[in-house]
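Asks: Okay, handing you the structure first.
Number of protein chains: 2
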Amino acid sequence: MGPVRNIPQHKRLYEILRKHIDEGIYGEGDLLPSEHELCQLYGMTRPTVRQSLATLANDGFIIKHQGKGSIVHILPREIGILSVSGTTSAVGDRNLKTRIIVRPVLIPWEKDFMFPLSSLEKESGCIYMERLRLLNDVPIFYDISYIANVNLPRITSRQFENRSLFKILRDHYHIEIKGGEQRIKAIPASARISGFLHLKKGQPVLHLERKMETNNTGLFLYSSIFCNTEKYSIFGRF
Amino acid sequence: MGPVRNIPQHKRLYEILRKHIDEGIYGEGDLLPSEHELCQLYGMTRPTVRQSLATLANDGFIIKHQGKGSIVHILPREIGILSVSGTTSAVGDRNLKTRIIVRPVLIPWEKDFMFPLSSLEKESGCIYMERLRLLNDVPIFYDISYIANVNLPRITSRQFENRSLFKILRDHYHIEIKGGEQRIKAIPASARISGFLHLKKGQPVLHLERKMETNNTGLFLYSSIFCNTEKYSIFGRF
DNA sequence: TCAAATAACTTGTATTTACAAGTAAAAATT
DNA sequence: AATTTTTACTTGTAAATACAAGTTATTTGA
Numbered sequence: 043m044g045p046v047r048n049i050p051q052h053k054r055l056y057e058i059l060r061k062h063i064d065e066g067i068y069g070e071g072d073l074l075p076s077e078h079e080l081c082q083l084y085g086m087t088r089p090t091v092r093q094s095l096a097t098l099a100n101d102g103f104i105i106k107h108q109g110k111g112s113i114v115h116i117l118p119r120e121i122g123i124l125s126v127s128g129t130t131s132a133v134g135d136r137n138l139k140t141r142i143i144v145r146p147v148l149i150p151w152e153k154d155f156m157f158p159l160s161s162l163e164k165e166s167g168c169i170y171m172e173r174l175r176l177l178n179d180v181p182i183f184y185d186i187s188y189i190a191n192v193n194l195p196r197i198t199s200r201q202f203e204n205r206s207l208f209k210i211l212r213d214h215y216h217i218e219i220k221g222g223e224q225r226i227k228a229i230p231a232s233a234r235i236s237g238f239l240h241l242k243k244g245q246p247v248l249h250l251e252r253k254m255e256t257n258n259t260g261l262f263l264y265s266s267i268f269c270n271t272e273k274y275s276i277f278g279r280f
Numbered sequence: 043m044g045p046v047r048n049i050p051q052h053k054r055l056y057e058i059l060r061k062h063i064d065e066g067i068y069g070e071g072d073l074l075p076s077e078h079e080l081c082q083l084y085g086m087t088r089p090t091v092r093q094s095l096a097t098l099a100n101d102g103f104i105i106k107h108q109g110k111g112s113i114v115h116i117l118p119r120e121i122g123i124l125s126v127s128g129t130t131s132a133v134g135d136r137n138l139k140t141r142i143i144v145r146p147v148l149i150p151w152e153k154d155f156m157f158p159l160s161s162l163e164k165e166s167g168c169i170y171m172e173r174l175r176l177l178n179d180v181p182i183f184y185d186i187s188y189i190a191n192v193n194l195p196r197i198t199s200r201q202f203e204n205r206s207l208f209k210i211l212r213d214h215y216h217i218e219i220k221g222g223e224q225r226i227k228a229i230p231a232s233a234r235i236s237g238f239l240h241l242k243k244g245q246p247v248l249h250l251e252r253k254m255e256t257n258n259t260g261l262f263l264y265s266s267i268f269c270n271t272e273k274y275s276i277f278g279r280f
């Protein structure tokens, strides 16, 4: 796929182990090889191995026990958009389709935006888009995205259908999500939202307001997500 | 307060810096002292300092920038029960009162519990309690807690009014929450829930189902939380 | 046989050292 | 004066080492 960039060793091992867990090579409750064994297996030193394991533990893939080892913890297969960092989203990309409602357009920022904006962001204007995301052809997320228009040439003319916005940003602009914050509310569905999510008006909808930090200083992604949680739950770790 | 246990250096520095940020000694956007300076200030080595900073970054108190430094990031003062680890909860304890609805009782587990249970947990039975938590005298959380009855002598006879369950577990049983997972849904308020949260029946309520891991192997805390998000949002980092 | 002590593992904490890579300010050059 | 280069400072990555502390299986002792 992408270019084989020189990624750090600890990140490499993280990806390997995460993949192994995803593929079921290590199952729920299994013990990962000990840190010492991993050192020998992959030719790294313990601090490096430990850094990989720390990240895995942080992401909830393993639970570390002093004196015992690192126990694999398979996360329930629920909708996991709460974890966007790393290479893959927690929800399988296979069954998740994207339908564009409003193609990316450059507009001024809303007057009372949900997050405070820097002056640079305000001047740059806002790339706005609306997407509907369907899980097994059932609409689950109604997603409004906002990005400051800084160093993103030709982004409004790119193909977004069935492709992750994050993937496009990473592949074409080397932008990676490093983390973020969010507010969560339960609100009644408006007429517009209920239409998109196939709900009755007034039915409970989960509303997320998210601000995502990137490796590009000063560049943030914002999104307002309305989520139909009738059949699926949002899953998260803390 | 509690006994001065020998806490690790990196944890000590974490608490110090977090306190300084909380107290406003470092404000939004400020640069923390460099890692080298922190080493000298607190007589630690860089890996130790870095461990503290990594935890702070993970908890969202700082954002690290290679070549620049660690920038303080003040989190919005919203309801932050999503972060329970560490010593203090993200929501100020001052304004949050607790009212017991059902005093702790030992009962068998529900047949279809929201999380799978180990055989040990099933045998031990379940300490059950219901609490209402009020922010500025407005009911915000309706909280049902479940704990497996393992090595928790006399817990059903303890005072829980206006005291954190976590604090009691830590002070009397040396149990600390290390992390956990949760499912989030938006549901219509039932008659019972709407009564407690001062809402109309059918109004949207945030429902959290949480499983919390402790430093005590095999001991988990479970809670089902119904949250009135009309005025406040749940805040979280990812 | 059973229980306690031991040994052999595991992860946790911490130091020391070294260099790479990114940032920003100072200095040199044009 | 404006631009480029250098320098100094920042965090990122990585190795080698040591001991502490928790867990588990084995060995030892009664």
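Read top to bottom, the protein sequences are chains A and B. Residues in the first sequence are numbered consecutively from 43, following the working numbering. Residues in the second sequence are numbered consecutively from 43, following the working numbering. Think of the CB as a built atom: it goes at the ideal place given N, C-alpha and C, for glycine as much as any other residue.
In terms of residue numbering, what span does the beta strand (DSSP E) encompassing Glu255 of chain A cover?
Replies: Residues 246-256.
Asks: Counting along the chain, where does the alpha helix (DSSP H) carrying Ile235 of chain B start and finish?
Replies: Element bounds for Ile235 of chain B: 233-239.
Asks: Specify the secondary structure class of Thr198 of chain B as computed by DSSP and reduced to three states.
Replies: In this structure, Thr198 of chain B counts as helix in the three-state DSSP scheme.
Asks: I want to see whether chain B comes within less than 8 Å of Gln349 of chain A, judged by CB atoms only; does it?
Replies: The shown model of chain A, from 43 to 280, leaves out residue 349 of chain A, and the question about it has no answer.
Asks: From the DSSP secondary-structure annotation, give me the bridge partner or partners of Gly167 of chain B.
Replies: Its beta-bridge partners do not exist; DSSP assigns none.
Asks: Please classify His249 of chain A as buried or exposed, where buried requires at least 16 neighbouring CB atoms within 10 angstroms.
Replies: Classification for His249 of chain A: buried.
Asks: Give a yes or no on whether the minimum CB-CB distance between Thr256 of chain A and chain B is below 8 Å.
Replies: Cβ-Cβ to chain B under 8 Å: no for Thr256 of chain A.
Asks: Under the DSSP definition of a beta bridge, which residues are partnered with Val147 of chain A?
Replies: According to DSSP, Val147 of chain A bridges with A:Tyr170.
Asks: List the residues of chain A that Val91 of chain B touches, going by C-beta distances under 7 Å, in chain order.
Replies: Neighbours of Val91 of chain B on chain A: none; closest Cβ ~15 Å, over 7 Å.
Asks: Within the same chain, show all residues whose beta-carbon is closer than 8 Å to that of Gly85 of chain B, passing over the 5 residues directly before and after it, in chain order.
Replies: The answer is none, since no qualifying residue turns up.
Asks: Roughly how many whole angstroms lie between the Cα atoms of Phe280 of chain B and Gly221 of chain A?
Replies: Computed Cα separation, rounded: 6 Å.
Asks: Report all residues from its chain with a CB closer than 6 Å to the CB of Lys273 of chain B; omit the five preceding and five following residues, and keep chain order.
Replies: Nothing meets the Cβ criterion.
Asks: Could you list which residues in chain A have their beta carbon closer than 8 Å to that of Ser275 of chain B, in chain order?
Replies: Neighbours of Ser275 of chain B on chain A, chain order: Arg225, Ile226, Lys227, Glu251.
Asks: Does chain A have any CB closer than 8 Å to the CB of Arg279 of chain B?
Replies: At least one chain A Cβ lies under 8 Å of Arg279 of chain B.
Asks: Apart from the five residues on each side of it in sequence, which residues of its chain come closer than 6 Å, Cβ to Cβ, to Cys63 of chain B?
Replies: Rather than Cys, the amino acid found at residue 63 of chain B in this sequence is Ile. Phe103, Val114, listed in sequence order.
Asks: Note the first and the last residue of the continuous beta strand (DSSP E) segment covering Ser112 of chain A.
Replies: 111-114 is the span of the beta strand (DSSP E), which, as asked, contains Ser112 of chain A.
Asks: Report the CB separation of Leu174 of chain A from Phe238 of chain A in whole angstroms; it is logged as a contact under 8 Å.
Replies: With a Cβ gap of about 6 Å, Leu174 of chain A and Phe238 of chain A count as contacting.
Asks: On the DSSP letters alone, give me the boundaries of the alpha helix (DSSP H) that Leu98 of chain A sits inside.
Replies: From DSSP, the alpha helix (DSSP H) with Leu98 of chain A extends over 88-100.
Asks: Quick one: residues in its chain with C-beta nearer than 6 Å to the C-beta of Glu163 of chain B, no 5 flanking neighbours on either side, listed in chain order?
Replies: Ala190, listed in sequence order.
Asks: Terminal residues of the continuous alpha helix (DSSP H) containing Gln51 of chain B?
Replies: Run containing Gln51 of chain B: 51-64, per the alpha helix (DSSP H) assignment.
Asks: Can you give the Cα-Cα distance for Ile229 of chain B and Lys253 of chain A, rounded to whole angstroms?
Replies: Rounded to the nearest angstrom, the two C-alpha atoms are 25 Å apart.
Asks: Give me the subset of the region 105-119 of chain B whose CB atoms are less than 9 Å from a CB atom of chain A, sorted by chain position.
Replies: Flagged, chain order: Ile105, His107, Lys110, His115, Leu117, Pro118.
Asks: Across the region 50-67 of chain B and the region 210-221 of chain A, are there enough close Cβ pairs to call them in contact, namely three or more that are closer than 8 Å?
Replies: Touching, no.
Asks: Which class does Ile67 of chain B belong to by DSSP, given the choice of helix, strand or coil?
Replies: Ile67 of chain B: coil per DSSP, three-state reduction.
Asks: Within the continuous alpha helix (DSSP H) that includes Gln224 of chain B, where are the two ends?
Replies: Per DSSP, Gln224 of chain B belongs to no alpha helix (DSSP H); it is in the beta strand (DSSP E), 219-230.
Asks: Taking only beta-carbon atoms, is Pro50 of chain B less than 8 Å away from chain A?
Replies: No, its Cβ sits nowhere closer than 8 Å to a Cβ of chain A.
Asks: How is Lys209 of chain A classed by DSSP in three states: helix, strand or coil?
Replies: If DSSP states are grouped into helix, strand and coil, Lys209 of chain A belongs with the helices.
Asks: Alpha carbon to alpha carbon, how far is Asn193 of chain A from Ile143 of chain B?
Replies: Spanning the two alpha carbons is a distance of roughly 55 Å.
Asks: Please tell me whether Ser112 of chain B and His52 of chain B are closer than 8 Å, where the distance is taken between their beta carbons.
Replies: Not closer than 8 Å, so no.
Asks: Can you pull the chain B neighbours of Thr348 of chain A, defined as C-beta to C-beta under 9 Å?
Replies: Lying before the first or after the last residue shown, residue 348 of chain A is absent from chain A, which here runs from 43 to 280.
Asks: In the DSSP assignment, find the unbroken beta strand (DSSP E) run with Leu263 of chain A in it and report its ends.
Replies: That run of the beta strand (DSSP E) goes 262-269.
Asks: Identify the contact partners of Pro230 of chain B in chain A, using a Cβ-Cβ distance below 8 Å as the criterion.
Replies: Going along chain A in sequence order, the residues near Pro230 of chain B (Cβ under 8 Å) are Gln245, Pro246.
Asks: Could you list which residues in chain B have their beta carbon closer than 9 Å to that of Val221 of chain A, in chain order?
Replies: In the sequence as displayed, the identity of residue 221 of chain A is Gly instead of Val. Within 9 Å Cβ-Cβ: Ala99, Asn100, Gly102, Ile105, Arg279, Phe280.
Asks: From Trp151 of chain A to Leu176 of chain B, what does the alpha carbon distance come to, in whole angstroms?
Replies: Cα-Cα distance, rounded: 36 Å.
Asks: Grab the span of the beta strand (DSSP E) containing His107 of chain B for me, first residue to last.
Replies: Residues 104-107.
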